[in-house]
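Going from the sequence shown to our numbering is simple: count from 1 and add 1320.
Don't be surprised by glycine CBs; every beta carbon is placed ideally from N, CA and C.
See below for the structure under consideration.
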Amino acid sequence: MTVQIVHVDEETRLLNGISAYVAEVSSAAGVGPESCTLDLDRPMSAYIALDGQLAAYPGRDTALVWDERHGWSFTVETHSGEDLLVVAYLGGERVPPPSAVREFLRTVRARTRRSEPPTPPTFG
1321 MTVQIVHVDE
1331 ETRLLNGISA
1341 YVAEVSSAAG
1351 VGPESCTLDL
1361 DRPMSAYIAL
1371 DGQLAAYPGR
1381 DTALVWDERH
1391 GWSFTVETHS
1401 GEDLLVVAYL
1411 GGERVPPPSA
1421 VREFLRTVRA
1431 RTRRSEPPTP
1441 PTFG
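In structure tokens form, the structure reads like this:
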């Protein structure tokens, strides 16, 4: 029997790790992996389309967005189809457990009024 050693490169490990993490977060958010996209270009990012809207932003789709600079944010689509409007940042950890993202999602969805644009967190 011949054993062949397979070397998995760093990018493959990174893709597998981020894919698994985003799948766990999407499940915690109540949507499936079909609602997710990943971008491994720097800065890396992930997008999770959510079901439902915010009372303060009727008629606008919502999403969770992660990037390696600011972590998770809750966003709403603009009517013009341009950049997403950030409603809130989770802060705390760059890669928090899915349960923390789920709680963040619940907190933001409970809001009934718009607030000032949030300041993005920075991680050391």
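query: Quick check on the DSSP output: the alpha helix (DSSP H) that includes S1305 runs from which residue to which?; result: Outside the modelled stretch of the chain, which goes from 1321 to 1444, sits residue 1305, for which no answer is possible.
query: Should S1346 be labelled buried (16 or more other beta-carbon atoms within 10 Å of its own) or exposed?; result: buried
query: Fully enclosed by the segment 1377-1404, which alpha helix (DSSP H) runs are 4 residues long or longer?; result: none
query: Is the separation between the beta-carbon of R1414 and that of E1388 shorter than 8 Å?; result: yes
query: Grab me the residues of L1410's own chain with a C-beta within less than 6 Å of its C-beta, minus the 5 sequence neighbours each way, in chain order.; result: G1391, W1392 and F1424
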